[in-house]
Amino acid sequence: MRRSWISGPPAALQAVGALRRRVGDQAGRLAWPLIDQAIASVGTFGLTIVLARALPPAEYGTFALLLGGLMILHMVTSSLVFYPLSVRAGAAGPEAGAGLMRASLDLLGLLFLPAGAALALAALAAGRADLILPALAYFLLWQIQEAFRRYLFAELRFGAAIAGDAVSYLGQVALVLGLGWGGHLTLGTALCAMALAAGLGAVLHAGRAGLGRGEATAPRLSAILGDFWRLGGWSLANNLLGTLRGQVLFWLLAALSGAALTAQLQASQNLVNLMNPLVIGLCNIIPQTAARAHPRGKAEAWRAARPFALSGVPVALLFFAVLFAAPEPALRLVYGAASPYLGLAVPVRLLAIAAVAAYATDMVCSYFHGVEAARHALVVNAAGTVAVLAASLPLALRFGLEGACGALVLASLVRLLLSQLLLRRLLAADLPRPLPAA
Numbered sequence: 025m026r027r028s029w030i031s032g033p034p035a036a037l038q039a040v041g042a043l044r045r046r047v048g049d050q051a052g053r054l055a056w057p058l059i060d061q062a063i064a065s066v067g068t069f070g071l072t073i074v075l076a077r078a079l080p081p082a083e084y085g086t087f088a089l090l091l092g093g094l095m096i097l098h099m100v101t102s103s104l105v106f107y108p109l110s111v112r113a114g115a116a117g118p119e120a121g122a123g124l125m126r127a128s129l130d131l132l133g134l135l136f137l138p139a140g141a142a143l144a145l146a147a148l149a150a151g152r153a154d155l156i157l158p159a160l161a162y163f164l165l166w167q168i169q170e171a172f173r174r175y176l177f178a179e180l181r182f183g184a185a186i187a188g189d190a191v192s193y194l195g196q197v198a199l200v201l202g203l204g205w206g207g208h209l210t211l212g213t214a215l216c217a218m219a220l221a222a223g224l225g226a227v228l229h230a231g232r233a234g235l236g237r238g239e240a241t242a243p244r245l246s247a248i249l250g251d252f253w254r255l256g257g258w259s260l261a262n263n264l265l266g267t268l269r270g271q272v273l274f275w276l277l278a279a280l281s282g283a284a285l286t287a288q289l290q291a292s293q294n295l296v297n298l299m300n301p302l303v304i305g306l307c308n309i310i311p312q313t314a315a316r317a318h319p320r321g322k323a324e325a326w327r328a329a330r331p332f333a334l335s336g337v338p339v340a341l342l343f344f345a346v347l348f349a350a351p352e353p354a355l356r357l358v359y360g361a362a363s364p365y366l367g368l369a370v371p372v373r374l375l376a377i378a379a380v381a382a383y384a385t386d387m388v389c390s391y392f393h394g395v396e397a398a399r400h401a402l403v404v405n406a407a408g409t410v411a412v413l414a415a416s417l418p419l420a421l422r423f424g425l426e427g428a429c430g431a432l433v434l435a436s437l438v439r440l441l442l443s444q445l446l447l448r449r450l451l452a453a454d455l456p457r458p459l460p461a462a
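For the sequence shown, this note's numbering assigns the number 25 to the initial residue and increments by one for each residue that follows.
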């Protein structure tokens with residue numbers, strides 16, 4: 025007699041259906057943050073390429089140094105404001121989360137005072153007082169836009185952030201292109217265009233967040249300072265070490281050979297940065313995924329986060345393999361046949377090797393953040409920074425730009441090995457211990 029399906033499909037089909045639903049849910053959760061991060065990274069990449077094509081190498085080197093300084097200041101606000109906001113607002117509910125967002129803007133204004141002073145002093149030290157006001161305007165509006173963006177992320181509303189990010193990151197490219205076509209493009213006018221685009225993006229983000237509606241009251245600034253510091257202190261140290269690991273190479277090359285050599289490092293790094301949408305998008309998902317599974321143990325949290333980390337491996341390996349095998353056509357395609365950056369094949373190959381190792385390490389460090397093991401990530405990044413500091417000067421003195429890139433390869437391998445060691449120890453300590461014999 026044939027089995028009737030009136031009471032329901034066979035167990036095998038039920039299992040297949042459940043698997044399809046899980047895959048679909050995972051793809052849906054992955055799609056929006058990757059799309060949003062792709063917009064942000066494509067805009068950033070497009071800006072760096074437009075400026076590399078339009079500005080003289082010395083001026084583009086100044087832009088690279090200024091961009092590095094802005095990123096360091098951004099790491100401070102990201103660690104002490106945006107990361108705690110993401111953690112607290114995501115669990116607080118809509119009304120309390122809106123209050124935290126308003127308090128975070130107050131804290132952002134407080135941090136802007138020392139950050140702005142540091143930015144102004146750096147511009148004066150470089151002899152570019154003309155860049156102080158446009159750089160300050162861009163940094164302030166960029167941080168406000170980013171604060172609203174992270175609030176939307178905390179509510180898992182990645183799709184709601186896309187319009188504002190498109191205006192902010194793609195808009196800056198359109199404005200800079202317009203300045204170039206009109207013959208008005210300088211580093212100062214480019215910063216003004218970036219500030220305008222960031223401000224418009226912030227307005228759109230604020231509207232999507234709905235913070236103009238409701239009666240949510242912001243907690244007192246003194247009430248959140250201690251809590252945000254406790255949450256963000258380790259993250260601040262971790263992010264600063266990660267930023268310094270790359271930025272020290274720019275400072276070293278500028279000290280040894282001037283801003284023109286930093287322009288070559290930035291031009292090489294731009295090609296590797298094409299993978300940033302994938303890497304940053306996954307790093308936005310993995311901590312939240314691991315944190316949700318963490319109550320069931322660190323091993324379970326790793327099982328939940330690992331599929332996201334593995335999902336990007338084929339794309340990353342293919343991209344870096346092509347970049348390693350054919351850097352010359354890639355440089356010609358991006359910068360043009362008459363570019364001064366066409367002879368950077370060796371630096372691009374070295375940076376591609378470093379990026380492969382960095383991908384695996386960043387996935388593990390993102391998991392560490394999700395399971396309240398940020399100190400492990402700090403140890404990993406500290407080791408990488410120490411490796412760069414130890415190797416960059418002798419290698420750069422001997423081999424120039426290629427030596428500096430080689431130091432980054434060494435640091436990436438050190439980080440990779442240490443992250444795998446700490447991951448294994450963390451998971452081994454989480455395994456259930458056998459009961460003693462009776």
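Using N, Cα and C, we set each Cβ at its ideal position, and we do this for glycine too. Given the structure is predicted, the values throughout are model-derived calculations rather than measurements.
Rounded to whole angstroms, Pro108 and Trp253 show a C-alpha spacing of 8 Å.
Straight through space, the alpha carbons of Leu132 and Ala279 are spaced by roughly 32 Å. In this structure Ala397 is in contact with Leu450, their Cβ atoms being roughly 6 Å apart against a cut-off of 8 Å.
Asn262 is the residue among Asn262, Ser416, Ala379 and Gly321 whose C-alpha sits nearest the C-alpha of Ser102.
When only Cα atoms are considered, Pro418 and Gly424 end up about 9 Å apart. Every alpha helix (DSSP H) stretch that sits fully inside the stretch 314-364 and reaches 4 residues is listed by chain position as 322-335, 337-349 and 351-359. Secondary structure note for Pro371: its alpha helix (DSSP H) is the uninterrupted segment Ala369 to Gly394. Annotated as proximal: Ala379 and Val296, with beta-carbon spacing under 9 Å.
Annotated three-state conformation of Pro81 is helix, per DSSP. Taking the Cα of Ile310 as reference, the smallest distance to any Cα among Ala283, Ala349, Tyr391 and Leu289 is reached at Tyr391. Using a 10 angstroms sphere on the CB of Gly282, the tally of other CB atoms stays under 16, which defines it as exposed. Asn300 is positioned such that its CB atom lies no closer than 9 Å to that of Val358. Per the coordinates, the alpha-carbon of Arg77 lies some 31 Å from the alpha-carbon of Asn308. Sixteen is the threshold: when 16 or more other Cβ atoms of the shown chains lie within 10 Å of the Cβ of Trp258, as they do, the residue is buried.
Judged by beta-carbon spacing, Leu446 lies beyond the 9 Å limit of His393, meaning their Cβ atoms are not closer than that value. Assignment of His400 by DSSP, reduced to helix, strand and coil, places it in the helix class. Val111 sits away from Ala171, with the two beta carbons spaced by 9 Å or more. A Cβ-Cβ distance of about 19 Å is found for the pair Met99 and Leu249, leaving them out of contact under the 8 Å criterion. Taking a C-beta distance under 9 Å as the contact criterion, Ala190 and Leu176 do not qualify as a contact pair.
Taking C-alpha positions only, Ile168 is separated from Arg422 by approximately 43 Å. If you draw a 10 Å sphere on the C-beta of Val197, you find 16 or more other C-beta atoms in it, and that means buried.
Excluding five sequence positions before and after Ile377, the CB atoms of its chain that fall closer than 6 Å to its own CB belong to Val433, given in chain order.
A residue is called buried when at least 16 other Cβ atoms come within 10 angstroms of its Cβ; Trp326 meets this threshold and is buried.
Taking all protein chains shown into account, Trp166 has 16 or more neighbouring C-beta atoms within 10 Å of its C-beta and is therefore buried.
Judged by DSSP in its simplified three-state form, Arg152 adopts coil rather than helix or strand. For the stretch 221-295, not one full-length beta strand (DSSP E) segment reaches 3 residues or more.
The continuous stretches of alpha helix (DSSP H) do not include Ser192, and DSSP gives it neither H nor E. Boundaries of the alpha helix (DSSP H) around Leu434: Leu425 to Asp454. Between Leu211 and Phe87, the gap from beta carbon to beta carbon is short of 9 Å. Across the set Met387, Leu255 and Phe274, the C-alpha of Met387 shows the shortest separation from the C-alpha of Ala329. Distance from the Cα of Ala122 is smallest, within the candidate group Ala230, Ala382, Ala411 and Pro158, for Ala230.
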